[in-house]
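Below is one structure, written out as C-alpha cells; the observations come after it.
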Amino acid sequence: MTDFYKRDDCRLCRSKSLETVLDIATTPVGDDFVTGDRLGKGQPTFPLELCVCTNCGLLQLPGVINPELIYSDYLYETSISLGLEEHFLKYARKMIEQVKPDDNALVVDIGSNVGCMLQGVKALGYPVLGIEPASALAKKATDAGVETWPLFFNRETAVKVREERGPAGIVTANNVFANIDDLTDMMEGIVELLDDNGVFVFETGYMVDTVQNTVIDNVYHEHLCYFSILPLIKFFDSHGLEFIDVERVPTKGGSIRGVVQRKSGPRAVSESVTGLATLERELGFEGMAPFRNLVGRVETMKRELLELIDSLRAEGKSVAAYGASVGVTTMLYYLELEGRIDCLYDDNPVKFDTFSPGMHIPVYNSDEIYKRKPDYILNIAWRYMNPIKARHEKYLAEGGRFITMLPAVGIIEK
Ligand SMILES: [Zn+2]
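Structure representation (C-alpha cells):
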C-alpha cells in the first residue's frame, strides 16, 4: 500500500454516496511528536476530511494512512491513559458475568495493547490470546503472561488462530474497531473465529456523543469511523450477526459498548438496541442536520478563539497551550495555531521535550509553567479542564489565565 489513499465508498455499506461534512485540514500523523534530531526533516501531511454516507449514515474519514506509518512505533500504552486500566479490569468482570461463556472458552482481544483487559479475563480462569500489531506492546504483554501475537487482525489471522487455538467464545475489540479500514475483512475474521454460541464485544467512540458534545478533537487519521447504531445494525446483519445489547459508556468523551452474536445465537435481544436506534432517529441522524449544526458550532468557536488570541498577542501577552495528544494535533491545524502559541505543556513524560507533529511547537512538562510563566494557556485538552485547573491552582493564583475553547470560548481567572 502507498502511504495514503482515499476511498470512494462507505466502509460499512459500500455505497458511493459520501458527502463532505467538514474538511478539517491537512495534517501529519497526529501522534508523531518528534525529538530534536528530527527537526530539520519535514513530516508528510495528509488530508483530514470528515464525510457522512448518505445511504447508511456512517460518519467516516475516506482518507486512509498506511497503518504501518501510524502503528509501527506506537507510543500509546493503555496504562499511560489515566483510568483506563481500572476501567478494563471492571470491563472484563462485567463481560464474563453478562456473556457467561462455556468453561475454558477462548477469549481473543483484537488490538489488545499491553493486555490489561485480558489480564482481568485470565484472572477469572479463561484462556486468552491477544492480537496486537505494535510489536513492542505485543512483546510486553506476552512477557507479562498474556500471549499476544504481533499481527493485524483480519480473516487470515482469524484462520490461523482457529487452527492453532480453536474457536473463540468471546472476541473483543476495544477502541480499535474505529481504526480499521477494511471492516469487511475484519468482520469476516470475527465470524470465522467465533464458535456458534460466541459473542463479539466491542467498545468504540459513539458518534452521537462526538457530534452533540463537539468532541472534534477525537477526529484524527487513526479514527476512520465514528459509529452509531443504525448503520451498524445493517452492517452486522449483512454478516449474519445481530446486536444483543448496547450500552452508552463515558469513556473517551462518550462511547458505546456493544454485544453481538450470530443471528441463530442463543441470547435474547435486549430492548437497549431498539431504544438507542429510536433515539438516533429522533435526533435526526438519518439526515444531515446534526452534522451541519456541528460544523456551525466549531466554525464559530474557531472564529471567536482566534479573535481572542490575536487580540491578546497584539497587547503583548504570551500565549501557550495545554495538551500534547493526537487530538491536539488536529486542533492545532484546524484552529491554525501555528505562530499563535509559543509552546505546549503536557503531563505525559513520553511527550516532554518533543515537538508537535509538522508545526514543531515545543512540548514541555507542565511543571515548567512556573518557570516560563505564560500570561495565558489555551486548554486544548478541554475535556480535562477540571483536573488541569486543580493541578495548576498555583498558576491561577499567581495571575495566570486559562483560555477555554469548548464547550465555549472564554477565560478562566481562578
Ligand atoms: Zn454507508
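Here the working numbering is used: the first residue of the sequence shown is 115, the next is one more, and so on.
Glycine residues also receive a C-beta, built at the ideal position from the N, C-alpha and C atoms.
Model, not experiment: these values are computed from the prediction.
Applying the 10 Å Cβ sphere with the 16-neighbour rule, what's the burial state of residue i?
i, result
"Ile194", "Its pLDDT being 49, under 50, Ile194 is placed unreliably by the model, and nothing is read from it."
"Val373", "buried"
"Thr414", "exposed"
"Gly524", "exposed"
"Ser470", "buried"
"Met115", "exposed"
"Arg218", "According to the sequence as given, residue 218 is Asn; it is not Arg. It is exposed - the Cβ of Asn218 has fewer than 16 other Cβ atoms within 10 Å."
"Asp146", "buried"
"Leu426", "buried"
"Asp151", "exposed"
"Pro142", "buried"
"Glu278", "exposed"
"Asp122", "exposed"
"Glu211", "exposed"
"Arg497", "buried"
"Glu336", "buried"
"Leu251", "buried"
"Asn500", "exposed"
"Pro176", "buried"
"Ser352", "exposed"
"Leu153", "exposed"
Identify the continuous beta strand (DSSP E) that holds residue i and give its terminal residues.
i, result
"Tyr119", "Phe118 to Lys120"
"Val178", "Gly177 to Ile179"
"Thr286", "Ala282 to Asn288"
"Phe357", "Leu355 to Val363"
"Arg529", "Summary: the structure shown does not reach residue 529, with the chain confined to residues 115 through 528, and so no result is reported for it."
"Leu492", "Tyr490 to Asn493"
For the alpha helix (DSSP H) that residue i lies in, which residues bound it at each end?
i, result
"Tyr447", "Val440 to Tyr448"
"Val305", "Leu297 to Leu307"
"Leu232", "Cys230 to Ala237"
"Phe405", "Ala403 to Ala428"
"Arg276", "Arg269 to Arg279"
"Asn327", "Element bounds for Asn327: n/a, residue is neither H nor E."
"Phe516", "That residue, Phe516, is in no alpha helix (DSSP H); its beta strand (DSSP E) goes Arg515 to Thr518."
"Arg152", "Counting along the chain, Arg152 falls outside any alpha helix (DSSP H), and DSSP gives it neither H nor E."
"Val260", "Note, Val260: premise wrong, no alpha helix (DSSP H); not H, not E."
"Thr159", "No alpha helix (DSSP H) holds Thr159; DSSP gives it neither H nor E."
"Asn500", "Met499 to Arg505"
"Tyr436", "No alpha helix (DSSP H) contains Tyr436, which is instead part of the beta strand (DSSP E) from Val433 to Tyr436."
"Ser226", "Unbroken run through Ser226: none, as it is neither H nor E."
"Tyr484", "Ile483 to Arg486"
"Leu451", "Taken as a continuous stretch (DSSP letters only), Leu451 belongs to no alpha helix (DSSP H), as it is neither H nor E."
Under the assumption that residue i contacts residue j (Cβ atoms under 8 angstroms), give the Cβ distance between them as a whole number of angstroms.
i, j, result
"Glu361", "Ser386", "6 angstroms"
"Leu492", "Ile526", "Not a contact, Cβ separation roughly 11 angstroms."
"Thr262", "Thr256", "5 angstroms"
"Leu363", "Glu317", "Per the sequence shown, the amino acid found at residue 363 is Val instead of Leu. The pair is a contact, with the Cβ atoms about 7 angstroms apart (cut-off 8 angstroms)."
Task: Stretch pair the segment 118–134 + the segment 155–171: three plus CB contacts closer than 8 angstroms - done: yes
Open item on the list: Under 8 angstroms: do the segment 321–338 and the segment 438–457 share three or more Cβ pairs, one atom per stretch?
Closed with: yes
Task: Stretch pair the segment 453–460 + the segment 428–439: three plus CB contacts closer than 8 angstroms - done: yes
TODO: Determine contact between the segment 380–389 and the segment 485–505, defined as no fewer than three beta-carbon pairs at a distance below 8 angstroms.
DONE: no
Task: the segment 391–408 touching the segment 508–526, judged by at least three CB pairs closer than 8 angstroms - done: no
Task: the segment 222–237 contacting the segment 245–262, beta-carbon criterion three pairs below 8 angstroms - done: yes
Open item on the list: Check whether the segment 202–213 and the segment 282–295 are in contact - that is, three or more C-beta pairs closer than 8 angstroms.
Closed with: yes
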